[in-house]
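Just so you know, we're using my numbering here: the sequence shown kicks off at 1 and counts up by one. Yeah, the Cβ is synthetic: ideal placement off N, Cα and C, and Gly gets one too. Written out below as structure tokens is the structure these notes cover.
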Amino acid sequence: MGGGVAAREHAIIGRVRGHFHLDETVDEHARALGAVCELAARLSDGDLVRVASALMDDEVSVIGKGGHRLVWEGMSRVYAPVGEEERYITPDIDARIERISDVVGDELGALAAIERERYARFVRVPGVAASRMIAGDDTADASMMIDSDNLAAMRWLMDELEGKVDLIYADPPYNSGERLFRYRDRFSAAAWLTMMRDRLALMARLVAPTGAAAFSINEAYGSELKLLCDEAFGRANFLTAITVRVRHEDRVLKGARAYQDVTEQVLLYRGSASFVPPRRTRPSRDYEYEWGVDVRGGAERVETIEGRRVEFFAPGAFELTRGGAPEGLKRINIRGALREANSSGRFYVAHLERHFGTHRGWLVRVHGMGGDGIGYRDFVIPPEGPRRNADYLQGRPVGGARANELPHANYADFEKDFNRVAGEDGARFRNGKKPVALLKHIMTLTGVDTKPDAVVLDPFAGSGSTAAAVMSLDAEAGVEGGSGGRRRFVVIDKGEHLHTVAVARVERLMGDPAQRGRAVRFVALR
Numbered sequence: 001m002g003g004g005v006a007a008r009e010h011a012i013i014g015r016v017r018g019h020f021h022l023d024e025t026v027d028e029h030a031r032a033l034g035a036v037c038e039l040a041a042r043l044s045d046g047d048l049v050r051v052a053s054a055l056m057d058d059e060v061s062v063i064g065k066g067g068h069r070l071v072w073e074g075m076s077r078v079y080a081p082v083g084e085e086e087r088y089i090t091p092d093i094d095a096r097i098e099r100i101s102d103v104v105g106d107e108l109g110a111l112a113a114i115e116r117e118r119y120a121r122f123v124r125v126p127g128v129a130a131s132r133m134i135a136g137d138d139t140a141d142a143s144m145m146i147d148s149d150n151l152a153a154m155r156w157l158m159d160e161l162e163g164k165v166d167l168i169y170a171d172p173p174y175n176s177g178e179r180l181f182r183y184r185d186r187f188s189a190a191a192w193l194t195m196m197r198d199r200l201a202l203m204a205r206l207v208a209p210t211g212a213a214a215f216s217i218n219e220a221y222g223s224e225l226k227l228l229c230d231e232a233f234g235r236a237n238f239l240t241a242i243t244v245r246v247r248h249e250d251r252v253l254k255g256a257r258a259y260q261d262v263t264e265q266v267l268l269y270r271g272s273a274s275f276v277p278p279r280r281t282r283p284s285r286d287y288e289y290e291w292g293v294d295v296r297g298g299a300e301r302v303e304t305i306e307g308r309r310v311e312f313f314a315p316g317a318f319e320l321t322r323g324g325a326p327e328g329l330k331r332i333n334i335r336g337a338l339r340e341a342n343s344s345g346r347f348y349v350a351h352l353e354r355h356f357g358t359h360r361g362w363l364v365r366v367h368g369m370g371g372d373g374i375g376y377r378d379f380v381i382p383p384e385g386p387r388r389n390a391d392y393l394q395g396r397p398v399g400g401a402r403a404n405e406l407p408h409a410n411y412a413d414f415e416k417d418f419n420r421v422a423g424e425d426g427a428r429f430r431n432g433k434k435p436v437a438l439l440k441h442i443m444t445l446t447g448v449d450t451k452p453d454a455v456v457l458d459p460f461a462g463s464g465s466t467a468a469a470v471m472s473l474d475a476e477a478g479v480e481g482g483s484g485g486r487r488r489f490v491v492i493d494k495g496e497h498l499h500t501v502a503v504a505r506v507e508r509l510m511g512d513p514a515q516r517g518r519a520v521r522f523v524a525l526r
């Protein structure tokens, strides 16, 4: 029956009729065996306990110690110990299960606090059970689709990829209580936290110092996931929480809910302080730089303010020109937050605003101010009229490309993409599927789009959207063979849907001429 713990590293020793309860995911072979030994030492012959898988409901196994053999229910079958043999008994086992005492449950409930090193000698790195090329030649840098539990697979990847992954994207079960494909999405709180904590610890080892990690989550466990990520990656490496619009407020999925969920979050972390956040190009607003100043006479007076030469030009000593001016200046009104937001606004408020009533229509030139390379900043006090605020004239920023860039926003609207995601790339996947556009946006936020040899890891592959996004990014040049790069994806999942959905999706996408030359390997670990 099964292959013991070695065949399944994930288990919940759980509740049946409320008496025995260790509400904890056992996420390593070591801890699973340790928990079983603790339990076996306290059970009487004939006592039964049920163990359900953390991620898959249909996997069971039996573990024994000494004269005690722990037995649990698998689907409708139950095996009970009879000496050294096992025999099948009926599913009606409530009475036997209830013989397990509350005391045992209480003691085992504390196992989460036991140091992980206690059973470290039992931790197992899996081996390759099968391998084949999905596409291309068998090269060392081939992309990989791995059939395995993701905890075991990430341990297996350590020798090759520790500290080398440019982006880790994880879309774990949201623990919303729903049934999503073959994944369990209804963990207890402790089970979900333990399941994620162990995996995050490995992800933090795999991510490159210059890389990043992104995690999709909703409000149900968003705060818990952030605490776990802070622990794994370091709170100082938290970058932002991106709010993602996923549906219209009128598209109500569950009318009985008090509030409609229209957004999710993507938590973004860096590998270390070496990560440089990419920036977006500032939209061109050249049409705003249309002003010029023609000074025709000398200054009426000159003062020194804050160590700067300040020249006052009376009306008639200068002319403002608009449209086609060679200087290309932008006229900015000094009001609201701008009065304190930059050095020009603060200087005006502190030293020039007092002249507003007595110097209407004047130009005030302050030397040694401004980051536009002109060498001075011109302030224009408007002539008589209703205007109550002065203006200053600013040239185009200098300092290279960085001066014309803006930070990325922590909000993104992908409502339309989520509405169309169900059949994207022909990959039918019930609930939880992420659109390729969102994944490519995350790659832009983390600089993967500008790194043609980037390595991208997805431990919860699902429908294969991460692999599809990497392939789409590489093919963006739109020519045969691609010229957008040859990035490498490594995606992990377990179960039939990896073959029927994710692998099948990649095989279809390989039909695009832009993917010629890409190598993709399938690996099964056991």
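Practice task
With a threshold of 16 other CB atoms inside 10 Å of the CB of L406, please say whether the residue is buried or exposed.
Solution key: When all chains shown are included, L406 counts as exposed.
Problem - Exposure label - Y348; buried when at least 16 CB within 10 Å - result: So Y348 counts as buried.
Exercise for the section: Please list, in chain order, all residues of the same chain as D493 whose beta carbon is under 6 Å from its beta carbon, the five residues on each side excluded. Expected result: Excluding residues within five positions, the ones whose Cβ falls inside 6 Å are A461.
Practice task
Decide if T446 is buried, meaning its Cβ has at least 16 other Cβ atoms within 10 Å, or exposed.
Solution key: Label assigned to T446: buried.
Handout entry: Exposure label - R505; buried when at least 16 CB within 10 Å
Key = Around the beta-carbon of R505, 16 or more other beta-carbon atoms lie within 10 Å, marking it buried.
Practice task
Name the two residues that bound the continuous alpha helix (DSSP H) containing G345.
Solution key: According to the DSSP assignment, G345 belongs to the alpha helix (DSSP H) that extends over 343-347.
Exercise for the section: May I ask which residues mark the beginning and end of the beta strand (DSSP E) holding L352? Expected result: In the DSSP assignment, L352 falls outside any beta strand (DSSP E) and carries neither an H nor an E.
Exercise for the section: Give me the Cα-Cα distance between Q515 and R428, rounded to the nearest whole angstrom. Expected result: Cα-Cα distance, rounded: 22 Å.
Exercise for the section: Determine the extent of the alpha helix (DSSP H) in which K416 is found, giving its start and end residues. Expected result: Start and end: 415-419.
Practice task
Mind checking who K571 pairs with in its DSSP beta bridge?
Solution key: Nothing in the structure corresponds to residue 571, since the chain is present only between 1 and 526.
Handout entry: Boundaries (first-last residue) of the alpha helix (DSSP H) holding F233
Key = First-last of the alpha helix (DSSP H) with F233: 222-233.
Practice task
Please report the residue range of the alpha helix (DSSP H) in which R205 lies.
Solution key: Element bounds for R205: 189-206.
Practice task
Would you kindly check if the distance between the Cβ of V421 and the Cβ of P435 is under 8 Å?
Solution key: In contact: P435 and V421 (Cβ atoms closer than 8 Å).
Exercise for the section: Return the CA-CA distance between Y392 and F318, expressed in angstroms with no decimal places. Expected result: For Y392 and F318, the distance between alpha carbons rounds to 15 Å.
Exercise for the section: Ignore the nearest five residues each way along the sequence and tell me which others in A201's own chain have a CB closer than 7 Å to its CB. Expected result: Exclusion of the five residues before and after A201 leaves A232 as the residues of its chain whose Cβ lies within less than 7 Å of its Cβ.
Practice task
Check P407 in the structure and name its three-state DSSP category.
Solution key: Note: P407 maps to strand in three-state DSSP.
Exercise for the section: Quick one: give me the first and last residue of the beta strand (DSSP E) that H367 is part of. Expected result: Boundaries of the beta strand (DSSP E) around H367: 363-367.
Handout entry: Identity of the residue in A412, V523, L473 nearest R245 by Cα
Key = Considering only alpha carbons, the answer is A412.
Exercise for the section: Report all residues from its chain with a CB closer than 7 Å to the CB of A142; omit the five preceding and five following residues, and keep chain order. Expected result: Closer than 7 Å at the Cβ level, and outside the excluded window around A142, lie G136, A519, V520, R521.
Practice task
For V310, count neighbouring C-beta atoms within 10 Å of its own C-beta (all shown protein chains included) and say buried if the count is 16 or more, exposed if not.
Solution key: Burial call: buried.
Problem - Contacts around R205, its chain only, beta-carbon distance under 6 Å, and the 5 residues preceding and following it disregarded - result: The answer, listed in chain order, is E162.
Exercise for the section: Could you check what DSSP says for D474 in three-state terms: helix, strand or coil? Expected result: In the structure shown, D474 sits in a helix (DSSP, three-state: H, G or I).
Exercise for the section: Please classify E507: is it buried, with 16 or more other beta-carbons within 10 angstroms of its beta-carbon, or exposed? Expected result: Around the CB of E507, fewer than 16 other CB atoms lie within 10 Å, so the residue is classed as exposed.
Exercise for the section: For D45, count neighbouring C-beta atoms within 10 Å of its own C-beta (all shown protein chains included) and say buried if the count is 16 or more, exposed if not. Expected result: Interpretation of D45 is limited by its pLDDT of 46, a score under 50 that renders its predicted location unreliable; the figure taken from the coordinates is listed afterwards. So D45 counts as exposed.
Exercise for the section: Keeping to the same chain, check which residues put their C-beta closer than 6 Å to that of G323; ignore five residues upstream and five downstream. Expected result: Excluding positions up to five away in sequence, the list reads E290.
Handout entry: Whether L193 touches L228 by CB criterion (8 Å)
Key = Yes, these two residues count as a Cβ contact at 8 Å.
Practice task
Compute the Euclidean distance between the alpha carbons of H408 and I242, then round it to the nearest angstrom.
Solution key: Each residue's CA atom was taken as its position, placing H408 and I242 some 10 Å apart.
Handout entry: Check whether L498 and V128 have beta carbons under 8 Å apart
Key = No, Cβ-Cβ distance for L498 and V128 is not below 8 Å.
Handout entry: For R487, the nearest candidate out of A467, A502, T500 (CA to CA)
Key = Minimum Cα distance to R487 is reached at A467.
Practice task
Measure the CB-CB distance between A212 and R280 and report whether it falls below 8 Å.
Solution key: Cβ distance not < 8 Å, so A212 and R280 don't count as in contact.
Handout entry: Selection from R331, R388, P513 that minimises the alpha carbon distance to F527
Key = It is not possible to answer for residue 527, since the shown part of the chain is limited to 1 through 526.
Problem - chain C contact for N150 (CB, 8 Å cutoff) - result: Of the protein chains in this structure there is only one, and it is not chain C.
Handout entry: Residues bridged to V503 (per DSSP)
Key = Looking at the DSSP assignment, V503 forms no beta bridge with any residue, so it has no partner.
Exercise for the section: Would you kindly check if the distance between the Cβ of V501 and the Cβ of M144 is under 8 Å? Expected result: With respect to V501, M144 sits apart: the two C-beta atoms are not nearer than 8 Å.
Problem - G316, DSSP secondary structure in three states - result: In this structure, G316 counts as coil in the three-state DSSP scheme.
Exercise for the section: State the DSSP-derived secondary structure class of D512, mapped to helix, strand or coil. Expected result: DSSP places D512 in coil when its eight states are reduced to three.
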